[in-house]
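To start, the structure under review is shown below, and the notes come after it.
There are 2 protein chains.
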Amino acid sequence: MIKNDLANLLERKANFSRAKAALTVETILETMKKALLAGEKIEIRGFGSFRVMPKKTGFGRDIRRNRQIPISGGRRVKFRPGQDFKKQLKQQSIE
Amino acid sequence: MIKNDLANLLERKANFSRAKAALTVETILETMKKALLAGEKIEIRGFGSFRVMPKKTGFGRDIRRNRQIPISGGRRVKFRPGQDFKKQLKQQSIE
DNA sequence: CCGTTGATGATCAAGAACGACCTGGCCAAC
DNA sequence: GTTGGCCAGGTCGTTCTTGATCATCAACGG
């Protein structure tokens, strides 16, 4: 699924124009991104939650150069699917 | 940030009615959820990607009962912020 | 709609962090 | 205001994380 799919969905479901649909999708995603960058958490019931957490990981590794790479801090975005979402994930299996 | 915040945003930015804004937000999120449940991956450039992966974890642990808990498989949803997103996360620090 | 641009994914390793379950508290949703 | 979903905590095992490169495909222009 790509951004275009979501836009198409709004075209059909909400009867939006293509431009409006695309803009709406981008607006929402952009807003969510900004909120996360501001350190805010996003919590949508029935869907899931995004949380920004300080990065605790210490070292990664560069195979090519065979050296450890200090992870100079920062933050990570963690997504957790909601209860219903998780339940459905368990029930359905991948083939 | 909660679902209501996103709806308010659409009211202001896109001049949607409250009901339409709320419905739009839910429609998008619901669709994304369904896509993930269908095993589809979502890839939005500039934002991030959601991928569904089979769960390989074998055991969890119940501290209270001091026993191991078999994690009977299922799938997990993994979110990865996009390049730009990640870069900004690094640059900004938490207070 | 097709082609182009360039971001995204996989990979390899090693090490640290997260995840599951359960209960209580807090807050999102109605 | 009420309901009930969501987060935290603890232990052990699994997964993630980092970086660089090539191929693939999302996004966009003609």
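Which chain is which? The protein sequence lines are B and C, in order.
With positions in the first sequence counted from 1, the corresponding number in the working numbering is that position plus 1488.
With positions in the second sequence counted from 1, the corresponding number in the working numbering is that position plus 1488.
Even glycine gets a Cβ: it sits at the ideal position worked out from N, Cα and C.
Legend entry - Residues of the stretch 1489 to 1502 of chain C whose Cβ lies closer than 9 angstroms to any Cβ of chain B, in chain order: Met-1489, Ile-1490, Lys-1491, Asp-1493, Leu-1494, Leu-1497, Leu-1498, Lys-1501, Ala-1502
Inset, instruction - Specify the secondary structure class of Ala-1543(B) as computed by DSSP and reduced to three states. - result: What you label residue 1543(B) is simply residue 55 of the first sequence in a count that begins at 1. Inspection of the sequence shows that residue 1543(B) is occupied by Lys rather than by Ala. Correct three-state label for Lys-1543(B): coil.
Inset, instruction - Look at the alpha carbon of Lys-1574(C) and the alpha carbon of Arg-1564(B), and state the distance between them as a whole number of angstroms. - result: As a position in the second sequence, residue 1574(C) is number 86, starting the count at 1. As a position in the first sequence, residue 1564(B) is number 76, starting the count at 1. Roughly 8 angstroms between the two C-alpha positions.
Legend entry - Ala-1523(C) at chain B interface by Cβ criterion, 9 angstroms: Stepping through the second sequence from its first residue, residue 1523(C) is reached at position 35. Yes, contact with chain B.
Legend entry - Test item: CB-CB of Leu-1498(C) and Lys-1508(C) under 9 angstroms: Translated into the one-based positions of the second sequence, residue 1498(C) becomes position 10. Translated into the one-based positions of the second sequence, residue 1508(C) becomes position 20. Going by C-beta atoms, Leu-1498(C) is nearer than 9 angstroms to Lys-1508(C).
Legend entry - Helix, strand or coil at Phe-1538(B) according to DSSP, with G and I counted as helix: Taking the first residue of the first sequence as 1, we reach residue 1538(B) at position 50. Three-state result, Phe-1538(B): strand.
Inset, instruction - Just mark Ala-1526(C) as buried or exposed, buried being the case when its beta carbon has 16 or more other beta carbons within 10 Å. - result: Your numbering for residue 1526(C) matches position 38 in the second sequence. It counts as exposed.
Inset, instruction - With Ile-1530(C) as the anchor, note down where its beta strand (DSSP E) starts and where it stops. - result: The residue given as residue 1530(C) occupies position 42 in the second sequence. Per DSSP, Ile-1530(C) belongs to the beta strand (DSSP E) from 1530 to 1532.
Legend entry - Same chain only: Cβ atoms within 7 angstroms of Val-1540(C), ignoring 5 sequence neighbours per side: One-based indexing of the second sequence puts residue 1540(C) at position 52. Only Leu-1524, Gly-1527, Lys-1529, Arg-1563, Val-1565 meet the Cβ criterion.
Legend entry - Bounding residues of the beta strand (DSSP E) (the contiguous stretch that carries Phe-1504(B)): The sequence position of residue 1504(B) within the first sequence is 16, counting from 1. No beta strand (DSSP E) holds Phe-1504(B); DSSP gives it neither H nor E.
Legend entry - Classification of Gly-1536(C) by the beta-carbon crowding that lies within 10 angstroms, buried from 16 upward: Mapped onto the second sequence, residue 1536(C) falls at position 48. When all chains shown are included, Gly-1536(C) counts as buried.
Inset, instruction - Look at the Cβ atom of Leu-1577(B), then the Cβ atom of Thr-1519(C), and state whether they are nearer than 9 angstroms. - result: The residue given as residue 1577(B) occupies position 89 in the first sequence. The residue given as residue 1519(C) occupies position 31 in the second sequence. No, the Cβ-Cβ distance between Leu-1577(B) and Thr-1519(C) is not below 9 angstroms.
Inset, instruction - Indicate whether at least one CB of chain C lies closer than 9 angstroms to the CB of Arg-1533(B). - result: Taking the first sequence and counting its residues from 1, one reaches residue 1533(B) at position 45. Yes, contact with chain C.
Inset, instruction - Find the nearest neighbour of Lys-1501(B) within the set Ile-1532(C), Ser-1505(C), Glu-1514(C), Arg-1533(C), judged by alpha-carbon distance. - result: Position 13 of the first sequence, counting from 1, holds the residue named residue 1501(B). Measuring from the Cα of Lys-1501(B), the nearest candidate turns out to be Glu-1514(C).
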